[in-house]
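These notes are about the structure you will find just below.
2 protein chains.
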Amino acid sequence: MNTVRVEELEGKSRLDRDSYEPAYAQIVRILSEEIASGRYRPGDQLPSESQLCARFDVSSMTIRRAMNIMVDRGTVIASQGKGVFVRGLDMGEAAFKLRERNDAGVRAAFAAAQREVRLLQAAILPADDRVARKLDIAQGSRVVYLRRLVHIAGDPVMYHREYLRYDPRQPSVEAELQITSLEGLFRGQDGQGLRRGDLTVEAVVLTEEEAEILQCPAGSPAFCLEHIFYDFENRPVAWGRFICRADRYSLVGRIGADIS
Amino acid sequence: MNTVRVEELEGKSRLDRDSYEPAYAQIVRILSEEIASGRYRPGDQLPSESQLCARFDVSSMTIRRAMNIMVDRGTVIASQGKGVFVRGLDMGEAAFKLRERNDAGVRAAFAAAQREVRLLQAAILPADDRVARKLDIAQGSRVVYLRRLVHIAGDPVMYHREYLRYDPRQPSVEAELQITSLEGLFRGQDGQGLRRGDLTVEAVVLTEEEAEILQCPAGSPAFCLEHIFYDFENRPVAWGRFICRADRYSLVGRIGADIS
DNA sequence: TAGTGGTCTAGACCACTCC
DNA sequence: GAGTGGTCTAGACCACTAA
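Line by line, the protein sequences give chains H and P. Plus 4 on top of the position in the first sequence (first one is 1) and you've got the working numbering. Plus 4 on top of the position in the second sequence (first one is 1) and you've got the working numbering.
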């Protein structure tokens, strides 16, 4: 133990080559811990690739793989010909994930467990101006309109309204309908036939209708998660909004050295 | 051109070795495009490593690097001994970033440009129960209390209240004060002396005080961005909240194949 | 010119899966 | 056992930076 400590101080900490944790991951962890502990401060230059090769007794490719991971995570920034430097915190780069709030902590907002989804309405309607614009179709075209309510332990927590392109000639329509259903959107079998989606979260207050459905006072705060999904031809095929009760959902994020 | 098309159909598309875009990046781009175009659908297995080596005429390490990037992005999922498979959309994994909404589109919420930050109040106070708990200090300990208002083009858009540990014996206190100031938090010189931060975004409605300061009606929706920053010893050193006008900020994200 | 990071090779060995 | 992905080596060459 003492020997290890001395080696660490000398910058010669060895990797555990018998560990299940690969060498590159150990290097990422060790360097991240040293950054987190203040050994390397924001703006400091990390040892060069060849120095790290010597310190950890690995090849340059292994060091490079570790460096790539740390650059991807935003922990460090690499500059060709100059070196690798420790980055500081940057609030503007913080990424958030929607999480369910409950007494036991936070959990993924779209996990399948303990959720019940009720279909309130399914109809085929002519697209109004707004829907036609969002789905890039002619006004008056027929669209599928769906309203759903997500319950947790009997409480309504998310109110979902969605418009889908309706084109019975396209076989993809069935896939789209399947995807945006419970089975797809909430159970992890997502995305069959869909290519990508753009999401926006806004802060809103509940309208009378939304408040009644979510069993909250009108004027209560909520998240509005608007989504547009596109097919493989880059056409918008689904547009809708989740209204999420603010007392049940939050967005969480973290910035800085991740030592998990 | 026709030759290239035939090669692509035969799965022998060559890389542009003279391009500035490295081989691994070209491979990621080509495979992502093929996924986005529907050639590979969610659940499909990608060609094996050796097949991709032959197709692109590169070594296995280059293929592996490309695969690692696509796994990191969530485009595919790799399973040892089985293969690499295309993933579908997963709303639960969507990550959002706080962005400023204006007529010109969206921009980073904490960028420095065109912002003015006014210090409304700076005081040293005894910590009440709530602050003491958040900063993990004894109730009644002295803390620094700061109130700031962020303006864009003369309009107040963010109201910031923050509590900082006050310990003049610790040299880090100066650094902490510096970090959480304008110069630090808003100008990119962030994080000197700070290790990491936990962030939470909630939907709220403006209180009377907040509404007056932000020049909005009381009851208007807003984001509340709560932050706790920790030092290198993992002690909380700053706790505060940004109240962000909902008409000025949103959170944006994307899921699915990124072909940017 | 010396040092840095960036990319890449042509293998090797291992663990795992499925037949 | 054959095929898969996961890791790693010991170099090589290149582009960039700074003295």
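Cβ atoms here follow ideal geometry from the backbone N, Cα and C, with glycine treated the same way.
Bridge partners - residue i, DSSP secondary structure assignment
i	result
residue 101 of chain P	H:99, P:256
residue 234 of chain H	H:200, H:240
residue 159 of chain P	P:156
residue 120 of chain H	H:155
residue 226 of chain P	P:208, P:249
residue 135 of chain H	For residue 135 of chain H, which the question treats as bridged, DSSP gives no partner whatsoever.
residue 130 of chain P	P:146
residue 166 of chain P	P:150, P:244
residue 45 of chain P	Paired residues: none, contrary to the question.
residue 219 of chain H	Its beta-bridge partners do not exist; DSSP assigns none.
residue 111 of chain P	P:104
Opening and closing residue of the alpha helix (DSSP H) in which residue i lies
i	result
residue 66 of chain H	64 to 77
residue 55 of chain P	53 to 60
residue 34 of chain H	27 to 40
Nonlocal neighbours in the same chain, by C-beta distance under 7 angstroms from residue i, ignoring five residues either side
i	result
residue 258 of chain H	none
residue 152 of chain H	121, 122, 123, 124, 164
residue 252 of chain P	104, 105, 161
residue 45 of chain P	90
residue 79 of chain H	36, 39, 91, 261
residue 140 of chain P	239, 240
residue 10 of chain P	Only weak support exists for where residue 10 of chain P lies, its pLDDT of 37 falling under 50; the coordinates are left without a value.
Neighbourhood of residue i by C-beta, 6 angstroms cutoff - its chain only, sequence neighbours within 5 removed
i	result
residue 57 of chain H	64, 67
residue 224 of chain P	210
residue 250 of chain P	225, 226
residue 260 of chain P	93
residue 204 of chain H	230
residue 19 of chain H	27, 30, 60
residue 234 of chain H	199, 200, 240
residue 255 of chain H	100, 102
residue 202 of chain H	232
residue 49 of chain P	87, 89
residue 127 of chain H	149
residue 81 of chain H	89, 91
Burial state of residue i (16 or more Cβ within 10 Å)
i	result
residue 47 of chain H	exposed
residue 130 of chain P	exposed
residue 96 of chain P	buried
residue 69 of chain H	buried
residue 244 of chain H	buried
residue 39 of chain P	buried
residue 181 of chain P	Note that residue 181 of chain P has pLDDT 48, beneath the 50 cutoff, so the model's placement of it is unreliable and the number below is only indicative. By the neighbour-count rule (16 or more Cβ atoms within 10 Å), residue 181 of chain P is buried.
residue 212 of chain H	exposed
residue 73 of chain P	buried
residue 169 of chain P	buried
residue 52 of chain H	exposed
residue 36 of chain H	buried
residue 247 of chain H	buried
residue 206 of chain P	buried
residue 166 of chain H	buried
residue 214 of chain P	buried
Cβ shell of residue i (< 8 angstroms), same chain only, five flanking positions each side left out
i	result
residue 3 of chain H	This structure gives no information on residue 3 of chain H, because the portion of chain H shown stretches from 5 to 264.
residue 119 of chain P	154, 155, 156, 190
residue 42 of chain H	none
residue 2 of chain P	Any question about residue 2 of chain P goes unanswered here, given that chain P covers just 5 to 264.
residue 98 of chain H	257, 258, 259
residue 147 of chain H	128, 129, 130, 131, 135, 139, 141, 167, 168, 169, 170
residue 21 of chain H	27
Segment limits, beta strand (DSSP E) that includes residue i
i	result
residue 82 of chain H	80 to 83
residue 89 of chain P	87 to 90
The ligand FAD heavy atom lying under 8 angstroms from the CB of residue i
i	result
residue 84 of chain H	Ligands are entirely absent from the displayed structure, and the ligand FAD is therefore not among its contents.
Quiz item: Can at least three beta-carbon pairs, one atom from the stretch 73 to 89 of chain H and one from the stretch 101 to 108 of chain P, be found at a separation below 8 angstroms?
Solution: no
Quiz item: Looking at C-beta atoms only, is the number of pairs between the stretch 56 to 69 of chain H and the stretch 215 to 232 of chain H that lie closer than 8 angstroms three or more?
Solution: no
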